[in-house]
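In terms of this note's numbering, the sequence shown has 352 at position 175, counting the first letter as 1, and numbering is strictly consecutive.
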Amino acid sequence: MRPVAPRALSLLVSLLETSSGRVVEDTLDTADRDAFEVLRDTGALVAGEDVPLILCPACGDQDVAPRRIGGVLQGLCPDCGYVPITNASLKAWAFDPSWLLGRLRMAFGIAARQDSVELVPGTLWKVGDHKAGKQAHRVLLARRLSEHAVHKAFREALLDKVERDSAVIISTTPKSAAMVSDLSLPFVHLAEVVHLRSGKLELDEERWAWCLKPAHLRSHADSSVFYDGYRAAIVGGEEYTFSVNQALVFEALDGEPGTKRLGSTIMADIGSPQRNPRALFRHNPRQIEGFDRLVAYDDYGFYWLKRR
Ligand SMILES: [Zn+2]
178 MRPVAPRALS LLVSLLETSS GRVVEDTLDT ADRDAFEVLR DTGALVAGED VPLILCPACG
238 DQDVAPRRIG GVLQGLCPDC GYVPITNASL KAWAFDPSWL LGRLRMAFGI AARQDSVELV
298 PGTLWKVGDH KAGKQAHRVL LARRLSEHAV HKAFREALLD KVERDSAVII STTPKSAAMV
358 SDLSLPFVHL AEVVHLRSGK LELDEERWAW CLKPAHLRSH ADSSVFYDGY RAAIVGGEEY
418 TFSVNQALVF EALDGEPGTK RLGSTIMADI GSPQRNPRAL FRHNPRQIEG FDRLVAYDDY
478 GFYWLKRR
């Protein structure tokens with residue numbers, strides 16, 4: 178059983194990366210259903226307007242425009258003629274920026290009287306100012322940074338509206354796609370800096386501490402965060418996903434900082450015929466890259482997690 182909260186946060190992140198920020202209930206994969214329900218029940222999603230075009234419920238092949246004819250919703254499908262449409266198949270849900278900004282303010286302990294500010298409509302916000310000792314950090318939330326027009330507006334807002342030396346960027350775009358390698362500001366992925374628990378977002382204190390380090394200390398520190406039962410990890414803003422057996426390797430290595438384990442023992446423990454942990458990742462270029470960013474080993478066959 179895979180825990181639902183991390184998948185709900187992943188679903189929210191993927192929604193935030195779409196231009197509409199919307200999901201149509203009937204188009205959801207059944208495997209995502211429980212994650213969707215968590216988001217809906219916590220208020221992260223609000224009922225959106227009806228979708229203008231839907232797939233014909235009869236053939237599932239043609240786009241039809243729902244119309245209310247004689248009190249009944251119908252669509253005219255080129256193949257099937259008039260087909261009745263149930264309300265359920267029209268239900269669209271949109272992410273609610275005010276929910277996300279409110280939960281982020283709570284996670285950062287930002288005073289309730291402070292409001293978030295939209296810096297670029299729909300894509301960039303100042304969540305609030307986070308105080309740590311005498312220093313205040315401006316917390317920004319950005320989405321869709323891989324899109325040219327959005328990215329351009331993001332850069333302009335950074336120049337005009339943000340004091341650059343004290344801001345932290347939280348983004349739903351993976352770092353590799355966000356074109357931000359020239360920025361000295363700390364850049365973290367939403368799913369690595371907060372965790373969803375009981376409808377609230379909790380700050381990952383370790384990851385946040387990393388954000389507040391001076392740039393020269395930050396650039397050399399590779400952060401690693403596992404979630405979804407070690408099936409996924411975000412390293413330096415990049416997301417990697419792993420198989421069940423690969424996840425068991427990480428689980429076996431995770432423990433007290435500095436814990437080293439013999440590779441052959443791990444393989445025996447998890448019942449893998451592979452000779453060593455690295456061999457289990459070698460067939461997938463993305464997964465071996467993730468493994469090498471997360472795990473170190475020596476000539477004696479000992480393996481350990483690289484620490485943030
Ligand atoms: Zn049809």
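We put the CB at the ideal spot given by N, CA and C, even for glycine.
**Request:** Measure how close the beta-carbons of residue 344 and residue 362 come, nearest whole angstrom, since I'm counting them as under 8 Å.
**Result:** As a position in the sequence shown, residue 344 is number 167, starting the count at 1. As a position in the sequence shown, residue 362 is number 185, starting the count at 1. 5 Å between Cβ atoms; contact.
**Prompt:** To the nearest angstrom, how far is it from the Cα of residue 427 to the Cα of residue 406?
**Reply:** Here residue 427 refers to the residue found at position 250 of the sequence shown. Here residue 406 refers to the residue found at position 229 of the sequence shown. Cα to Cα, residue 427 sits roughly 10 Å from residue 406.
**Request:** Determine the direct distance from the alpha carbon of residue 239 to that of residue 188, and round the result to whole angstroms.
**Result:** If you number the sequence shown from 1, residue 188 lands on position 11. If you number the sequence shown from 1, residue 239 lands on position 62. Put simply, the backbone Cα of residue 188 is about 27 Å away from that of residue 239.
**Distance between residue 283 and residue 378 (C-alpha atoms, nearest Å)** = Taking the first residue of the sequence shown as position 1, residue 378 is located at position 201. Taking the first residue of the sequence shown as position 1, residue 283 is located at position 106. The alpha-carbon atoms of residue 378 and residue 283 are separated by roughly 8 Å.
**Residues surrounding ligand 1 [beta-carbon distance to nearest heavy atom under 5 Å]** = That query returns the following residues: 233, 235, 236, 239, 254, 256, 257.
**Request:** Report the partner residues of residue 473 according to the DSSP bridge assignment.
**Result:** If you number the sequence shown from 1, residue 473 lands on position 296. Per DSSP, 481.
**Message:** Could you compute how far the alpha carbon of residue 253 sits from the alpha carbon of residue 199?
**Reply:** As a first step, residue 253 is located in the sequence shown; it is residue number 76 there, counting from the start. As a first step, residue 199 is located in the sequence shown; it is residue number 22 there, counting from the start. Residue 253 and residue 199: Cα-Cα distance of roughly 24 Å.
**Request:** Give the single residue among 191, 234, 324, 479 whose Cα lies nearest to the Cα of residue 256.
**Result:** Counting from one through the sequence shown, the residue named residue 256 turns up at place 79. Among 191, 234, 324, 479, the Cα nearest to that of residue 256 belongs to 234.
**Request:** Express the C-alpha separation of residue 440 and residue 508 in angstroms, rounding to a whole number.
**Result:** Nothing about residue 508 can be reported from this structure: the residues present for the chain run from 178 to 485 only.
**Message:** Taking the straight line between their C-alpha atoms, what separation do you get for residue 368 and residue 310?
**Reply:** Within the sequence shown, numbered from 1, the residue matching residue 368 stands at position 191. Within the sequence shown, numbered from 1, the residue matching residue 310 stands at position 133. If you take the alpha carbons of residue 368 and residue 310, they lie about 26 Å apart.
**Message:** To the nearest angstrom, how far is the alpha carbon of residue 357 from that of residue 298?
**Reply:** Taking the sequence shown and counting its residues from 1, the one referred to as residue 357 is at position 180. Taking the sequence shown and counting its residues from 1, the one referred to as residue 298 is at position 121. Counting only the Cα atoms, residue 298 lies some 20 Å from residue 357.
**Between the CA atoms of residue 261 and residue 370 - distance to the nearest angstrom** = As a working mapping, residue 370 is identified with position 193 in the sequence shown. As a working mapping, residue 261 is identified with position 84 in the sequence shown. If you take the alpha carbons of residue 370 and residue 261, they lie about 45 Å apart.
**Request:** Specify the secondary structure class of residue 398 as computed by DSSP and reduced to three states.
**Result:** Stepping through the sequence shown from its first residue, residue 398 is reached at position 221. Residue confidence is low: residue 398 scores 47 on pLDDT, short of 50, so the model does not pin down where it sits. Its coordinate-derived value is still stated next. In this structure, residue 398 counts as coil in the three-state DSSP scheme.
**Message:** Per the DSSP calculation, residue 240 is bridged to which residue(s)?
**Reply:** If you number the sequence shown from 1, residue 240 lands on position 63. For residue 240, which the question treats as bridged, DSSP gives the partners 232.
**Request:** Determine the direct distance from the alpha carbon of residue 417 to that of residue 409, and round the result to whole angstroms.
**Result:** Your numbering for residue 409 matches position 232 in the sequence shown. Your numbering for residue 417 matches position 240 in the sequence shown. Rounded to the nearest angstrom, the two C-alpha atoms are 6 Å apart.
**Prompt:** Opposite residue 404 in the DSSP bridges: which residues?
**Reply:** Along the sequence shown, read from residue 1 onward, the residue named residue 404 stands at position 227. Checking the DSSP bridge columns, you'll see residue 404 partnered with 409.
**Prompt:** Considering only the beta carbon of each residue, do residue 287 and residue 318 sit closer than 7 Å?
**Reply:** As a position in the sequence shown, residue 287 is number 110, starting the count at 1. As a position in the sequence shown, residue 318 is number 141, starting the count at 1. Not a contact, by the Cβ cut-off of 7 Å.
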